[in-house]
Amino acid sequence: MRYFLDESMIYSELLAFGLSAQEAKVYLSIVKLIEAPASTIANRAGVPRLSVYSMLDRLIEKELIECYQQRRARIYKVSSPHAFINQCDLEISQIQAKRERFRWFLPRLKSFIALSDEEKITHGGQFRFIEDRFYFQKIMERLSSNMPGAWYWIHDGESSQILSLFKGNALKALRCLIPFSKKKEFTSMLKNEQVRTFSDHSFAQIPHIILTASHSFFILENSPKSFMVLSLENPHVAHALKMLFEFMWNNTLEQ
Numbered sequence: 019m020r021y022f023l024d025e026s027m028i029y030s031e032l033l034a035f036g037l038s039a040q041e042a043k044v045y046l047s048i049v050k051l052i053e054a055p056a057s058t059i060a061n062r063a064g065v066p067r068l069s070v071y072s073m074l075d076r077l078i079e080k081e082l083i084e085c086y087q088q089r090r091a092r093i094y095k096v097s098s099p100h101a102f103i104n105q106c107d108l109e110i111s112q113i114q115a116k117r118e119r120f121r122w123f124l125p126r127l128k129s130f131i132a133l134s135d136e137e138k139i140t141h142g143g144q145f146r147f148i149e150d151r152f153y154f155q156k157i158m159e160r161l162s163s164n165m166p167g168a169w170y171w172i173h174d175g176e177s178s179q180i181l182s183l184f185k186g187n188a189l190k191a192l193r194c195l196i197p198f199s200k201k202k203e204f205t206s207m208l209k210n211e212q213v214r215t216f217s218d219h220s221f222a223q224i225p226h227i228i229l230t231a232s233h234s235f236f237i238l239e240n241s242p243k244s245f246m247v248l249s250l251e252n253p254h255v256a257h258a259l260k261m262l263f264e265f266m267w268n269n270t271l272e273q
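Residue numbers (the numbering used here): 19 to 273.
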């Protein structure tokens, strides 16, 4: 039986299949041209020549078209129409694999959702990224008023401008462990008792800045061009870091 379809009907079905509007135009152009190089296909489909290559690659990936080399040009032609069914079968198998994977994971997810907030923190912690300096400053102010005695650790002392984020009680709560060579720079901004030093080589492998509170700790990356904080709420890790910092604080170079 021979079916008669106009171009608009085929175009609609290609869109329903999942092709973009431009990909559908490219496919139809190849059908009309039978086989052609990318430049001819781009002109026929009315799409930018530089964009047509990525569209052709996606159609090849779906096995809807194929190509061969002819001298210096790649020639494209459509594959058997049955390729559309093959692609659907592939997507069905991928969805089924995803469904089975999530079926295995679902009981664990339900168990985690049922935990209290305190239990979630205990079992691994909650983390987030902060890119707003003002927002981070407010967090530090809240922590210093509710949980005084935060600790601040600087890798090489080059990030002294981070101190501008701390105001009032937050600034008073800081305890800075820094390289000896940067002591003068920091004691000009903080009280002498807020700063203790280590030999410079001790900081060779330490992350840029670490700040801990009673239940949270923060790893900061600060520069004139960027600001990023990784915040992790985990009381066990925060307590362990605080114990480490207290040990280092009590075993620093003579002031």
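We put the beta carbon where it would ideally sit given N, CA and C, even for glycine. If you're wondering where the values come from, they're calculated on a predicted model, not measured in any experiment.
Put simply, of 259, 41 and 246 the residue whose alpha carbon is nearest the alpha carbon of residue 76 is 41. Under the 10 Å beta carbon count, residue 115 is surrounded by fewer than 16 other beta carbons and is classified as exposed. Proximity of the stretch 40-59 to the stretch 95-102 meets the contact definition, three or more beta-carbon pairs being nearer than 8 Å.
Assignment of beta-bridge partners to residue 54 by DSSP yields 94.
Among the bridge pairs identified by DSSP, residue 84 is matched with 95. Between the alpha carbons of residue 125 and residue 160 lies a gap of roughly 37 Å.
At least 8 Å separates the beta-carbon of residue 247 from that of residue 110. Boundaries for residue 193: no alpha helix (DSSP H) harbours it, and the DSSP string shows neither H nor E there. Beta-bridge partners of residue 147 (DSSP): 248. Residue 252 counts as buried, since no fewer than 16 other beta carbons sit within 10 angstroms of its beta carbon.
From the listed residues 264, 48 and 113, the smallest Cα separation to residue 230 is found for 264. Cβ atoms of residue 151 and residue 249 stay farther apart than 8 Å, at about 14 Å.
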